[in-house]
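Residue numbers (the numbering used here), protein chains in the order written: chain S, 313 to 685; chain A, 397 to 820.
For glycine and all other residues, C-beta sits at the position ideal for the given N, C-alpha and C.
Small disclaimer: the values here were computed from a predicted structure and weren't measured.
Written below as structure tokens is the structure these notes are about.
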């Protein structure tokens, strides 16, 4: 270390100026992760592929939740902790719609002789739509009662309020006459059909039959989740990019006072944003509960946090960013659960967040910050 | 040493002494304050220490941290492990290893800081890499050195009377746990404080979650069998007396007060008010952020160490991240940037939520507790967003500080509101 005082060697200066130590640290971490992934893949390619498919399934659910976060945060700069609980409400609403009202098969009961697949299709769409509408109304109410009066208060007040709303939704839901404090086994709206994908081709797997070796199982749950999520994403993208309200949202996110001067009803836009985000969370709740058939009053917390991390990872305010971030989160969670250890999956998720933000402080798709540093 | 002993000093320390003696009297004689209430009061004091640390980080320095609870957990489990080994196995192994590690890493960090600060243009991530490497190496050294030192230290401690050696181990354990939490927060804070405010919040929340996950699997993944993972750690000596928590609380208050009244304190508050302006005035923003973060976490670790020895039982669920909102809620209710408010809110929180609600309300109300609690929170936020105490301080803690920054209406909004008034 005497070198710094007397004469600085060229190598030393290069290391400092090019930030090689820090970069080296990141590279080492990245290489370790890559090595682990390759080793896992080599150990069993089909198992690995299976995990990747599971990761996609989870990632698309996270994407739907993350969109609500990214839109709300983009406009009001509030981490809406209650979003995860709106997701939980969506799951419970669909549970009641399916288990109590049997809405997943209503077309067959109304029009006898309707093909089963058509009836189920319409029924499932109905259930998802009901969850979405209930969640949208819930979020709209929350926004009007709890967040709107605090629009001009310090940001921490709104944040604490969001935490309060989150607690309220959870524990109000836990009351015996609302939802229930216990785990509830979810009734899937449709039968699970598994397909086995082998090098020879795709064949359906009979229930109870063991899958052959070196095969990947693909279920209709994954299919429904991915298709529904992609559809909703496209609808959302259309709304945000092509409609008047979408334009107003983007303008409000960019510069609220100016948007207001341009005649945009910013408060209305914020309410609509909350409602749209919550409806996506409601749909995500149905899909998540279908994939992991158990609903519980605090089920929304961890997926909510993961989704927020995904939104930050992809870049706040960016729709493709939320999708990419969510897919990374889903894959990271499933792969680390499979190859490192189940409890460490949350640790991996948050480590990825920190590492990505160190390299790109505004997320993968985020625009460079316009605010003060 | 003392320039002058002012009236405020007399009132504060005299008042503290009176409060301490009254409660101690109540505990010793068993009047008014039974075991239950004495536990509640100790938990209130512990909560006050955690919340003061968080108030330093968030209320005074403006860094939105949700990691306080994680450092609290680290402090609790570290201290508990040390005293557990002594209490049950008469082994000073935990003490020697952690003590050596903490001291060596601490010295190394302080030394490296002086060295690294002389290198111009060193980025934070590179600095972190250096610290991280040093910590790893010294940690391994401490592990083996600590094992070697275990036998001699134990043989010396065993010659003392049981109560005395237990107290010594306890005090050392709590201090070492606090330093441990502080050093972890230093290593964690270096890269993470570079992220923006809300991202920092999420990263620290992640830290709390990771700590909880590690504690859940402490027996399998970390190899600490005595911590028993998700079953909860039992067999910790119950030796946190009212005297120790009160002493710690007063120490924390005095340290924090003196820190905030010094030039460091003014710099810390300047960073909260406006980072760019502070930078322009020559304040090393990054330096003060990490300093406050480390001191705040030190308090959390200290509180954790004390908490571990109140009930003699630790469970990872106590350190669930949902509970990490408790200190946040306490400081916001008490008033951000108000030590008096934090103290008042912590004891109110403990006495009301942990004490009165449990005793007074009927059994079925347990379910409603967390329904009513957020409603109260919402009401206070809607009616009094600055907290109950605002930025009021009691005379001893008061300083001529700039008031908390209020959000000025932006010029455009002002113009617009005038326009809309004119339109009506």
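**Asked** Hey, how far is the Cα of residue 498 of chain S from the Cα of residue 605 of chain S?
**Response** On the first chain, position 186 is the one that residue 498 of chain S refers to. On the first chain, position 293 is the one that residue 605 of chain S refers to. If I take the Cα positions, the gap works out to 5 Å.
**Asked** How many whole angstroms separate the CB atoms of residue 417 of chain S and residue 431 of chain S, which I take to be in contact at a CB cut-off of 8 Å?
**Response** Sequence index remark: in the first chain, residue 417 of chain S carries index 105 (1-based). Sequence index remark: in the first chain, residue 431 of chain S carries index 119 (1-based). Residue 417 of chain S to residue 431 of chain S, Cβ: 6 Å. Contact.
**Asked** Taking the continuous beta strand (DSSP E) assigned at residue 646 of chain S, which residues delimit it?
**Response** Numbered from 1 along the first chain, position 334 holds the residue referred to as residue 646 of chain S. Looking at the DSSP string, residue 646 of chain S is not in any beta strand (DSSP E); the run it does join, the alpha helix (DSSP H), is 631-651.
**Prompt:** Residues in its own chain within less than 7 Å of residue 738 of chain A by CB, not counting five upstream and five downstream?
**Reply:** Position 342 of the second chain, counted from the first residue, corresponds to residue 738 of chain A. So the qualifying residues of the chain are 444, 447, 448, 451, 726, 727, 730.
**Prompt:** Taking 6 Å as the cut-off, does the CB of residue 725 of chain A come closer than this to any heavy atom belonging to the ligand GTP?
**Reply:** Of the ligands one can find in the structure shown there are none, so the ligand GTP has no counterpart to examine.
**Prompt:** When we look at the beta-carbon of residue 685 of chain S and count the other beta-carbons within 10 Å, is it buried (16 or more) or exposed?
**Reply:** Within the first chain, numbered from 1, the residue matching residue 685 of chain S stands at position 373. In this prediction, residue 685 of chain S has a pLDDT of 35, which is less than 50 and means its spatial position is unreliable; nothing more can be read from the coordinates.
**Message:** I want to verify the contact list: residues of chain A whose CB lies under 7 Å from the CB of residue 469 of chain S, in sequence order.
**Reply:** Translated into the one-based positions of the first chain, residue 469 of chain S becomes position 157. Simply 777, 781.
**Prompt:** Excluding sequence positions up to five away, which residues of its chain have a Cβ less than 8 Å from the Cβ of residue 624 of chain S?
**Reply:** Residue mapping note: residue 624 of chain S aligns to position 312 of the first chain, counting from 1. Correct list, in chain order: 637, 665, 669, 675.
**Message:** So that I know if they touch, is there some Cβ in chain S lying closer than 7 Å to that of residue 650 of chain A?
**Reply:** As a first step, residue 650 of chain A must be located in the second chain, where it is residue number 254. Taking Cβ atoms only, chain S never reaches closer than 7 Å to residue 650 of chain A, which makes this a no.
**Request:** Examine the Cβ distances between the segment 714-726 of chain A and the segment 477-493 of chain A and report whether three or more of them are shorter than 8 Å.
**Result:** no
**Message:** Just to check my reading of the structure: residue 790 of chain A and residue 710 of chain A have Cβ atoms closer than 8 Å, yes? What is that Cβ distance to the nearest angstrom?
**Reply:** Here residue 790 of chain A corresponds to residue number 394 of the second chain, with the count starting at 1. Here residue 710 of chain A corresponds to residue number 314 of the second chain, with the count starting at 1. About 34 Å separates the two Cβ atoms, so there is no contact after all.
**Prompt:** DSSP three-state call for residue 516 of chain S: helix, strand or coil?
**Reply:** Walking along the first chain from the start, residue 516 of chain S turns up at place 204. Correct three-state label for residue 516 of chain S: strand.
**Item:** residue 632 of chain A versus A/466, A/420, A/424, A/707, residue with shortest Cα-Cα distance
**Value:** Residue mapping note: residue 632 of chain A aligns to position 236 of the second chain, counting from 1. When only C-alpha atoms are compared, the closest one is A/707.
**Message:** Looking only at its chain, what residues have a beta carbon closer than 8 Å to the beta carbon of residue 548 of chain S, apart from the 5 residues adjacent to it on each side?
**Reply:** Your numbering for residue 548 of chain S matches position 236 in the first chain. Cβ neighbours of residue 548 of chain S beyond the five flanking positions: 379, 588, 592, 631.
**Request:** Evaluate residue 609 of chain S with the Cβ neighbour count: other Cβ atoms within 10 Å of its Cβ, from every protein chain shown; 16 or more gives buried, anything less gives exposed.
**Result:** Within the first chain, residue 609 of chain S is the residue found at index 297, counting from 1. By the 10 Å Cβ count, residue 609 of chain S comes out buried.
**Prompt:** In the DSSP assignment, what are the bridge partners of residue 629 of chain A?
**Reply:** If you number the second chain from 1, residue 629 of chain A lands on position 233. A/710, per the DSSP bridge assignment.
**Prompt:** When you compare each of A/702, A/741, A/410 to residue 442 of chain A by their alpha carbons, which one comes out closest?
**Reply:** As a working note, residue 442 of chain A is residue 46 in the second chain. Answer by Cα proximity: A/702.
**Asked** At a Cβ threshold of 7 Å, is residue 416 of chain A touching chain S?
**Response** Counted from its first residue, the second chain places residue 416 of chain A at position 20. For residue 416 of chain A, the answer is no, since every Cβ of chain S falls outside 7 Å of its Cβ.
**Asked** Relative to the alpha-carbon of residue 262 of chain S, which residue among S/389, S/343, S/339 has its alpha-carbon at the smallest distance?
**Response** Lying before the first or after the last residue shown, residue 262 of chain S is absent from chain S, which here runs from 313 to 685.
**Request:** Locate the beta strand (DSSP E) running through residue 530 of chain S, then write down its first and last residues.
**Result:** Walking along the first chain from the start, residue 530 of chain S turns up at place 218. Per DSSP, residue 530 of chain S belongs to the beta strand (DSSP E) from 528-531.
**Asked** Roughly how many angstroms lie between the CA atoms of residue 521 of chain A and residue 447 of chain S, to the nearest whole one?
**Response** Within the second chain, residue 521 of chain A is the residue found at index 125, counting from 1. Within the first chain, residue 447 of chain S is the residue found at index 135, counting from 1. Cα-Cα distance, rounded: 43 Å.
**Request:** Measure the Cβ-Cβ separation of residue 751 of chain A and residue 423 of chain A and say whether it is below 7 Å.
**Result:** Locating residue 751 of chain A in the second chain gives position 355, counting from the first residue. Locating residue 423 of chain A in the second chain gives position 27, counting from the first residue. It is not a contact, given that the beta carbons lie outside the stated cut-off.
**Asked** If you check the beta carbons only, do residue 578 of chain S and residue 363 of chain S fall under 7 Å apart?
**Response** Looking up residue 578 of chain S in the first chain gives position 266. Looking up residue 363 of chain S in the first chain gives position 51. Not a contact, by the Cβ cut-off of 7 Å.
**Prompt:** Would the beta-carbon of residue 294 of chain S fall within 7 Å of that of residue 721 of chain A?
**Reply:** Lying outside 313 to 685, the shown extent of chain S, residue 294 of chain S is not represented and no answer is given.
**Request:** Tell me, please, whether the CB atom of residue 838 of chain A is closer than 7 Å to any CB atom in chain S?
**Result:** Only positions 397 to 820 of chain A appear in this structure, which leaves residue 838 of chain A out of reach.
**Asked** Can you find at least 3 beta carbon pairs, one from the segment 489-500 of chain A and one from the segment 528-543 of chain A, that sit closer than 8 Å?
**Response** yes
**Asked** Using the rule of at least 16 other Cβ atoms within 10 Å of the residue's Cβ for burial, across every protein chain shown, is residue 482 of chain A buried or exposed?
**Response** In the second chain, residue 482 of chain A corresponds to position 86, counting from 1. Buried, since its Cβ has 16 or more Cβ neighbours within 10 Å.
**Separation of residue 530 of chain A from residue 575 of chain A, as counted between CA atoms** = Taking the second chain and counting its residues from 1, the one referred to as residue 575 of chain A is at position 179. Taking the second chain and counting its residues from 1, the one referred to as residue 530 of chain A is at position 134. Each residue's alpha carbon lies about 17 Å from the other.
**Prompt:** If we cut at 7 Å on Cβ distances, does residue 613 of chain A have a partner in chain C?
**Reply:** The question asks about chain C, but that chain is absent: this structure's protein chains are S and A.
**Asked** Are the C-beta atoms of residue 585 of chain S and some chain A residue less than 7 Å apart?
**Response** Numbered from 1 along the first chain, position 273 holds the residue referred to as residue 585 of chain S. Output row for residue 585 of chain S: interface = no.
**Item:** Simplified DSSP assignment, three categories, for residue 509 of chain S
**Value:** In the first chain, counting from the first residue as 1, residue 509 of chain S sits at position 197. In the structure shown, residue 509 of chain S sits in a strand (DSSP, three-state: E or B).
**Message:** Please give the ranges of any alpha helix (DSSP H) in the segment 398-461 of chain S, keeping only runs that are unbroken, at least 4 residues long and fully inside the region.
**Reply:** 418-422, 428-454
**Request:** List the residues of chain S whose Cβ lies closer than 9 Å to the Cβ of residue 590 of chain A, in chain order.
**Result:** The count along the second chain starts at 1 and reaches residue 590 of chain A at position 194. Within 9 Å Cβ-Cβ: 669, 670, 673.
**Prompt:** Can you tell me the Cα-Cα spacing of residue 463 of chain A and residue 682 of chain A, whole angstroms?
**Reply:** If you number the second chain from 1, residue 463 of chain A lands on position 67. If you number the second chain from 1, residue 682 of chain A lands on position 286. Computed Cα separation, rounded: 18 Å.
**Request:** Mark residue 397 of chain A as exposed unless 16 or more other C-beta atoms lie within 10 angstroms of its C-beta, in which case mark it buried.
**Result:** As a working mapping, residue 397 of chain A is identified with position 1 in the second chain. Any answer about residue 397 of chain A is weak, because its pLDDT of 46 lies below 50 and its placement is not dependable; what the coordinates show is given next. Result: exposed.
**Item:** the segment 588-603 of chain A / the segment 611-623 of chain A touching (three or more Cβ pairs under 8 Å)
**Value:** no
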